[in-house]
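Asks: Have a look at this one before I ask anything.
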Amino acid sequence: MGHLDLDIELERADKKSSTDSQESDDEVTTESESTSIYEDYELYLAAKNGNLNDFSSTLDRYVSPVEILSGVSPIGNNFFHIAAVHGNEGIVNYIATKDPSIVLRKNLDGDTALHLAAKAGDESMVKALVQIHHDLLGLYKSESQADIEYEADENNLLRATNEKGNTALHEASINGRYSIVQCLIKEDPDLLYYRNKQKKYALYLAAAAGFANCVSSILEYSTDEERVNEQFKEMSPIEVAIMNKRGDVLEVILDSSPRFIKLQDRRGMLPLHYAASLGYVEVTLLLLKRHASGAYIRDKIGSFPIHLAAVGGHVDVISLLLNYCHADPVELQDKWGQNILHLAAANGRLNVVTYILHNPELKKLINMSDKYGDKPLHLATKYWHLEIVSALTWDNRVNIKLRNDKGMTALDVADRNMWFNPPFRQRLTWAALKAAGAPRSHGNPKQSSKYPTEKYKDRVNTLLLVATLVATISFSAGFTLPGGYSTSDTNIGMAALLRKKAFHIFIFCDTIAVYSSIVVAVSLIWAQLGDVTLMINALTLAQPLLVIALTMISMAFTAGIFLVVRNLHWLSTVVLVIGFAFLAVLLALLVPLCVSLTSSNRILRYISYYPFFLLVLATRTKSPHKKDG
C-alpha cells in the first residue's frame with residue numbers, strides 16, 4: 022500500500038498546485054527548496070508505520086539528519102506531519118528531540134502536525150504534541166534564548182494558524198472532536214476568543230457544524246462574559262443554529278445561560294428575530310416559551326419579530342406570534358409606522374395579505390397609514406404587486422379613495438410610477454385600480470403625455486394583416502364547400518350537404534367570420550388617418566370583432582371536417598374533441614384581449630374577473646417580487 026500513498030500524495034499535490042501559484046508563508050518549505058520525503062522510502066515507511074527502531078537506525082546513517090527530516094511531500098508534509106497523522110507518538114517525540122524547530126513547521130495548507138491530529142480526532146497524539154510544546158517552551162526558557170518570544174502566537178503551537186486562520190481548536194470544533202476541544206481549551210482557554218480569517222470563533226464553527234457537545238464544552242469554559250457577549254454580537258452562534266435548524270444546538274446554548282436568549286447582536290436582533298425571519302415555527306415556539314417578551318423587542322431598524330415574519334411571508338409564525346402577543350397588532354409598528362400588512366403588501370407576500378384580510382381581528386390594519394400616510398394599497402401599487410392590489414381592491418373594507426401625505430390616491434401612485442412603455446403587469450395593476458373605481462386626487466391630475474402613436478400604428482398594421490388573412494380564408498371556404506356541389510338536375514349548383522345540421526353551422530360561422538373580418542379591416546383603415554383618438558376607438562372596435570372572426574373560422578373548420586368524416590364514428594368524435602379543446606384554449610387566449618378590464622361596472626367587473634386572472638397567471642414570474650431598497 023506504500024506506493025498507493027505516494028500516488029494519493031502526488032494527486033493531491035497536483036490539485037493543490039492548480040490553485041496555489043505561490044507560497045503563503047516563509048516557513049512553508051517547498052520541494053524545490055529541500056529534499057523530498059520520498060528520497061529514502063524506508064524512512065518514510067518507518068515514520069508511517071510507527072517503527073521507531075527502523076526509523077532511528079535509518080536516520081542515523083545520514084551525516085545531516087536534520088536536513089533529511091526537513092524533506093517534504095508534494096503537499097508540504099514533513100516526517101513530523103506523517104508520524105502525527107498516523108498516530109506514531111514514539112517517532113513524533115524522537116523527531117522533536119532531533120529537530121525542535123520542526124514542531125512549528127506547516128504544510129502547504131498551513132497546517133501544523135497539531136492541526137492534522139485535531140482534524141483526525143487523535144486525542145492521544147494531540148496530548149503528546151501539547152506535551153512536546155510545553156517541553157520546548159521550558160527548554161527555551163531555561164536556556165534564556167533572547168530571540169525567542171515565548172508568548173508570541175507564532176511560536177505557540179496551540180495558537181498557530183493555517184491558511185484559513187484556523188487554530189487547532191477551530192479545526193477540532195469544525196470536525197466535532199469533543200475530547201480534543203476539551204483538551205485544547207484546558208491547555209489554553211484564550212483559544213476560545215481567537216477568530217479565523219472569516220472572523221469566526223470556535224463556538225460559531227461548532228454551532229454551524231451542528232456539534233452540540235462541542236458547543237456545550239466551549240460554553241462551559243467561556244468564563245469571560247464580556248468577550249462571550251462580543252462573540253454573540255459579531256457572529257451569533259444562535260443565528261447559525263437557527264438557520265441550520267439545529268434545535269439541539271440552540272437548546273444547549275440557551276440552557277448554558279439565560280442571558281443568551283435576551284442578547285441582541287450588532288443589528289439589535291434577538292434569537293426570536295432570526296427564527297421569525299426564517300419561518301421556523303418549532304424554534305419560534307421554543308423561544309417564545311422561554312422569553313415571550315422578546316416578541317415586543319425591536320431591532321436597530323425598529324422591527325419586531327412579527328415584522329420579519331411578514332417580510333418573509335411566514336403565515337404560521339405570524340399566527341403563533343399573534344397568539345403569544347397580548348398587544349394590539351395596531352401598535353406593533355416599525356420606525357416607519359408600518360404594520361405587518363404594510364410590510365406584506367410592500368414585499369409581495371400575498372399569503373400574508375390574504376391571511377390578514379380573512380382574520381376579523383386584524384381588520385384595523387387594512388386602512389392604516391404609515392409615517393408617510395401610505396396605506397397598504399399604496400405600497401402594493403408602488404412596488405407593482407399585482408396579485409396583492411387585486412386582493413385588496415376586491416375587499417370592500419379597503420378604502421380605495423384614501424390619500425397619503427402627498428395627497429395621492431393609489432391610482433395617483435400608479436400613474437406616477439408607471440414607465441413610459443410599461444410592462445404588462447404594471448398595466449394590469451393600473452387596470453385593477455381603475456376597475457375597482459379608484460379615483461385620482463383633484464390636486465394630482467393624471468399626467469398628460471403624448472400617446473406612443475408608433476406603437477399603436479404597429480398594432481393597427483398587425484391587426485389589419487390578420488383581418489385580411491381571415492377574410493381571404495373565410496371567403497375561399499365559402500366557395501370550397503365540404504362535400505362539394507350537387508349535380509342533380511333539380512338541385513344543380515346547390516351544396517351537396519345542404520340538409521345537414523353541421524353544414525348549417527359551417528355556413529353560419531364562415532359568414533360571420535367573413536363579415537366581421539371585413540369590418541375589422543375597414544375600421545383599421547380609418548385608424549390610418551392619423552388621429553390618435555380615432556385610432557384608439559378603431560382598435561377598441563376591431564379587437565373584439567377580430568376575436569369573433571378567429572373563433573368563427575375555427576368553428577367552421579371543425580364543422581367542415583366533421584361533415585366529411587361523419588360516417589366513421591370514432592374519427593368524427595376525435596375531430597370534435599380536438600376542435601372543442603383547442604377552441605377553449607383559443608378563447609382563453611383571445612377573450613382577455615378584448616374584455617374591458619377597467620370597467621367599474623359591478624357586473625362587467627365580475628365578468629372580467631376570470632380573464633383578468635388568466636392574464637395575471639400569464640405575467641407571473643418564478644421569482645417573487647421584493648421591495649426595492
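Residue numbering for the sequence shown follows our numbering, beginning at 22 and increasing consecutively. The beta carbon of each residue, even a glycine, is placed where N, CA and C say it ideally should be.
What residues in its chain sit with their C-beta under 6 Å from that of Ile195, if we drop five residues either side in the sequence?
Replies: Leu226, Ala230.
Asks: With C-beta atoms as the reference, is Ala7 less than 8 Å away from Val481?
Replies: Past the boundaries of the shown model lies residue 7; the chain is included only from 22 to 650, so the question cannot be answered.
Asks: What are the boundary residues of the alpha helix (DSSP H) that includes Ile206?
Replies: Taken as a continuous stretch (DSSP letters only), the alpha helix (DSSP H) holding Ile206 covers 199–208.
Asks: Nearest CA to the CA of His102: which residue from Asn74, Lys69, Thr79?
Replies: Nearest of Asn74, Lys69, Thr79 to His102, Cα basis: Lys69.
Asks: Measure from the alpha carbon of Ala609 to the alpha carbon of each residue in Tyr631, Ala559, His590, then state which is nearest.
Replies: Among Tyr631, Ala559, His590, the Cα nearest to that of Ala609 is on Tyr631.
Asks: Residues in its own chain within less than 7 Å of Glu255 by CB, not counting five upstream and five downstream?
Replies: Contacts found: Lys220, Arg287.
Asks: What would DSSP say about Glu54, mapped onto helix, strand or coil?
Replies: Residue placement at Glu54 cannot be trusted, given a pLDDT of 46 that sits under 50; what the coordinates show is reported in the next sentence. The answer is coil: DSSP assigns Glu54 none of H, G, I, E or B.
Asks: Which of helix, strand or coil does DSSP assign to Ala93?
Replies: Per the sequence shown, the amino acid found at residue 93 is Val instead of Ala. Three-state result, Val93: strand.
Asks: Would Ala228 and Val202 qualify as a contact pair, given that the criterion is a beta-carbon distance under 8 Å?
Replies: Cβ distance not < 8 Å, so Ala228 and Val202 don't count as in contact.
Asks: Which ranges does the alpha helix (DSSP H) cover as unbroken runs of at least 4 residues, wholly within the stretch 519–564, from first to last along the chain?
Replies: Fully enclosed alpha helix (DSSP H) runs of 4 or longer: 522–548.
Asks: Applying the criterion that 16 or more other CB atoms from any shown protein chain within 10 Å of the CB defines a buried residue, is His191 buried or exposed?
Replies: With 16 or more Cβ atoms within 10 Å of its Cβ, His191 is classed as buried.
Asks: Tell me the residue span of the alpha helix (DSSP H) that contains Trp415.
Replies: Element bounds for Trp415: n/a, residue is neither H nor E.
Asks: In the stretch 599–640, which residue ranges form an unbroken beta strand (DSSP E) of at least 3 residues, counting only runs that do not cross its ends?
Replies: Entirely contained in the stretch 599–640, not one beta strand (DSSP E) run reaches 3 residues.
Asks: So what's Ala516 in DSSP terms, helix, strand or just coil?
Replies: Of the three classes helix, strand and coil, the one that applies to Ala516 here is strand, per DSSP.
Asks: Any contact of the stretch 181–188 with the stretch 145–152, i.e. 3+ C-beta pairs under 8 Å?
Replies: At 8 Å Cβ cutoff, the stretches do not touch.
Asks: On the DSSP letters alone, give me the boundaries of the alpha helix (DSSP H) that Gln447 sits inside.
Replies: Segment 445–456, the alpha helix (DSSP H) holding Gln447.
Asks: Are the beta-carbon atoms of Leu597 and Phe583 separated by less than 8 Å?
Replies: Yes, the pair counts as a contact, with Cβ atoms nearer than the cut-off.
Asks: Quick one: complete alpha helix (DSSP H) runs, 4+ long, within the stretch 95–128?
Replies: The stretch 95–128 contains these whole alpha helix (DSSP H) runs: 100–106, 110–119.
Asks: Excluding five sequence neighbours on each side, which residues of the same chain lie with their C-beta closer than 6 Å to the C-beta of Thr640?
Replies: For Thr640, where only same-chain residues beyond five positions count, the Cβ hits under 6 Å are Phe445, Arg446.
Asks: I need the DSSP call for Tyr215, collapsed to helix, strand or coil.
Replies: Three-state result, Tyr215: coil.
Asks: From the DSSP output, read off the bridge partner residues of Tyr506.
Replies: Tyr506 pairs with Ala516.
Asks: Using 8 Å as the threshold, is the C-beta distance between Ile123 and Ile116 below it?
Replies: A contact, by the Cβ cut-off of 8 Å.
Asks: To test your reading of the DSSP string, which unbroken alpha helix (DSSP H) runs of 4 or more residues are found completely within the stretch 310–365?
Replies: 326–333, 336–345, all fully within the stretch 310–365.
Asks: Since Met389 is in the alpha helix (DSSP H), which residue starts that stretch and which ends it?
Replies: Met389 -> no alpha helix (DSSP H), and no H or E assigned at all.
Asks: Go through its chain and collect everything with a Cβ distance to Gly142's Cβ below 6 Å, but skip five positions before and after it.
Replies: Answer for Gly142: Arg198, listed in chain order.
Asks: Measure the C-alpha to C-alpha separation of Lys521 and Ile494 and round it to an integer number of angstroms.
Replies: Rounded to the nearest angstrom, the two C-alpha atoms are 22 Å apart.
Asks: Applying the 10 Å Cβ sphere with the 16-neighbour rule, what's the burial state of Phe253?
Replies: Result: buried.
Asks: Please work out which residues of its chain come closer than 7 Å, Cβ to Cβ, to Ala435, disregarding the five sequence neighbours upstream and downstream, and give them in chain order.
Replies: Contacts found: Thr402, Thr450, Trp451, Leu454.
Asks: Which one of Ala193, Arg248, Tyr215 has the shortest CA to CA distance from Cys235?
Replies: The candidate whose alpha carbon is nearest that of Cys235 is Ala193.
Asks: Ignoring anything shorter than 4 residues or poking outside the stretch 63–90, list the alpha helix (DSSP H) runs there in chain order.
Replies: Whole alpha helix (DSSP H) segments, 4+ residues: 73–81, 86–90.
Asks: Return yes when the C-beta of Leu550 is under 7 Å from any heavy atom of the ligand SAM, and no when it is not.
Replies: You won't find the ligand SAM in this model; it holds no ligand whatsoever.
Asks: Tell me whether Phe4 is buried or exposed, calling it buried when 16 or more other Cβ atoms sit within 10 Å of its Cβ.
Replies: Look at the range of the chain in this structure, 22 to 650, and you will see that residue 4 is not part of it.
Asks: Decide if the stretch 353–373 is in contact with the stretch 387–404; the criterion is three or more beta carbon pairs, one per stretch, under 8 Å apart.
Replies: Yes, the stretch 353–373 touches the stretch 387–404.
Asks: Which one of Met429, Asn438, Asn388 has the shortest CA to CA distance from Asp416?
Replies: Ranking the options by Cα distance to Asp416, first place goes to Asn388.
Asks: Under DSSP, the alpha helix (DSSP H) around Gln252 begins and ends at which residues?
Replies: 246–255 is the span of the alpha helix (DSSP H), which, as asked, contains Gln252.
Asks: Do you know offhand how far Leu179's Cα is from Asn250's?
Replies: Answer to the nearest angstrom: the Cα atoms are 24 Å apart.
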